[in-house]
Every structure is written in structure tokens, then in C-alpha cells.
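Student:
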Amino acid sequence: MKKHLLKTGIAILITNIMFSQTSKNEKIIIKNENLEEFSITLIKKADFEGIIQVTKKGESKPIINLNVEGQSYTFENLNTIDGIITFEDFNFDGEKEIVIQSNDGIYLFDRKTGKPKNLFEKEKDRKSGKDVRNYIFTYRGEYEIDEKEKTIKITGSNSAFSGTEVIYRANGDGTMKVVKKCDWDYGS
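Here's what the structure looks like:
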């Protein structure tokens, strides 16, 4: 009897631990999708807000646990993580970083450790409001990597009538620096 009660207690404890990781409003949308050497889980917090967890295969804890926003999609409608997470060499050092797309920007993380890859000048993270160096505000646009010039060009729309283009160039120390910024406004 004592063994049965002990086994039941352990089972309840494990169940409580597993389900305490998500609140009542949170819902696991994608669980353990394999992407290269990682397992990815996407948890919906609200229609346009979620948590992306990146775990190295064989590990039990995520190396990245990032709160992100989406606007061009709702988290509930996603059936794959493809396109939200990619791997690209942003600082031209021969190693690809983990790139996570959010509503209006991208986050960069070190592929080996999961730590923020602080390549850029400080910028306000639109979600937390904190100054970060692993985030680029993309103006709801896209980025283009030019390996020959060692630059990254970000072009996006600020509104229906205005936009921005920013070009970053790799420094010798593995960081990126703004070398050109152009804003335009057709509404004036």
C-alpha cells in the first residue's frame, strides 16, 4: 500500500510540474519539432503572442525561452516552426547564428550556448522595452545578406507612406555597425 501511495504521489508531482510550465491561457501549439540539432516548442499565450523554446537534442532544459509577437500570423494557425527560426551567419565569422523572427524584428542567439548574440548597437526590444544588442528592428520588413560586402540590409515599411533602409557592416571584432540609414516619407 505504501509503495502504491508513493508511486501515485510521484506521478501527481511529475504531472503538476509538467503542467505548471504553462498557465491556463497558454497552449502548446508545436511540441518538439526537430530543426537541425534542436527541438523547438511553440506555446501560444494570446492570438499574437507566444513563447519559443529551443532545446538542444538530448538536453532537458531549453537554451532559449523567448517571448515573441506575431502579427502576420496567429500562433494557433501555425503547424510548423519553419520560417520563424532560421540559421544564418550574421557577423560573417563562419558560424551560423540562431535567428528568431518576431512581429517587427529578429533576435540572434549563439548556436552553441543559446545566449544572446550581441552583434548590434543597443536597440529597444519592442516587447520588453529593454536595451538589447541581439535584436534588430526590421520595420516589418526583410533583411538581405551580402556576403561579398559583409553587409546586412534591412528594408521595411514604417507605414503605408514611409519606410526605412539600414545597412550594417561587419567589424573585425565580430560585431555589426550601421554604415547607412535612409528614411523616406511619401505622405508629406
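Our numbering numbers the first residue of the sequence shown as 5 and each following residue consecutively.
Note that beta-carbon positions come from the ideal geometry of N, C-alpha and C, so glycine has one too.
Please return the same chain residues whose Cβ sits closer than 6 Å to the Cβ of ASN3, not counting the five positions on each side in sequence.
Tutor: As shown, the chain starts at 5 and ends at 192. That puts residue 3 outside it, with no answer to give.
Student: Work out the CA separation of ASN71 and ARG118 for me, nearest whole Å.
Tutor: Going by the sequence as given, residue 118 is Gly instead of Arg. The straight-line gap from Cα to Cα measures roughly 14 Å.
Student: Might you give, ordered along the chain, the residues of its own chain that have their beta carbon closer than 8 Å to the beta carbon of THR142, omitting 5 neighbours on each side?
Tutor: Excluding sequence neighbours, THR142 sits near ASP108, GLY109, ILE110, ILE158 and GLY160.
Student: Would you kindly work out how many angstroms separate the C-alpha atoms of ILE34 and PHE124, rounded to a whole number?
Tutor: Rounded to the nearest angstrom, the two C-alpha atoms are 30 Å apart.
Student: Tell me PRO66's beta-bridge partners as DSSP assigns them.
Tutor: According to DSSP, PRO66 bridges with nothing at all.
Student: For ASN81, does the three-state DSSP call read helix, strand or coil?
Tutor: The answer is helix: DSSP assigns ASN81 an H, G or I state.
Student: Secondary structure at ASN138, three-state DSSP: helix, strand or coil?
Tutor: Note: ASN138 maps to coil in three-state DSSP.
Student: Just the Cα atoms here: how many angstroms apart are PHE165 and LYS65?
Tutor: Each residue's Cα considered, the two are about 45 Å apart.
Student: Mark ALA174 as exposed unless 16 or more other C-beta atoms lie within 10 angstroms of its C-beta, in which case mark it buried.
Tutor: By the 10 Å Cβ count, ALA174 comes out buried.
Student: Can you tell which of ASN83, GLU73 and PHE113 has the C-alpha that lies nearest to the C-alpha of PHE91?
Tutor: With distances taken between Cα atoms, PHE91 lies closest to PHE113.
Student: Considering only the alpha carbon of each residue, which of LEU39, THR84, ILE89 and PHE96 lies closest to GLN105?
Tutor: With distances taken between Cα atoms, GLN105 lies closest to ILE89.
Student: How is ARG115 classed by DSSP in three states: helix, strand or coil?
Tutor: Reduced to three states, the DSSP call for ARG115 is coil.
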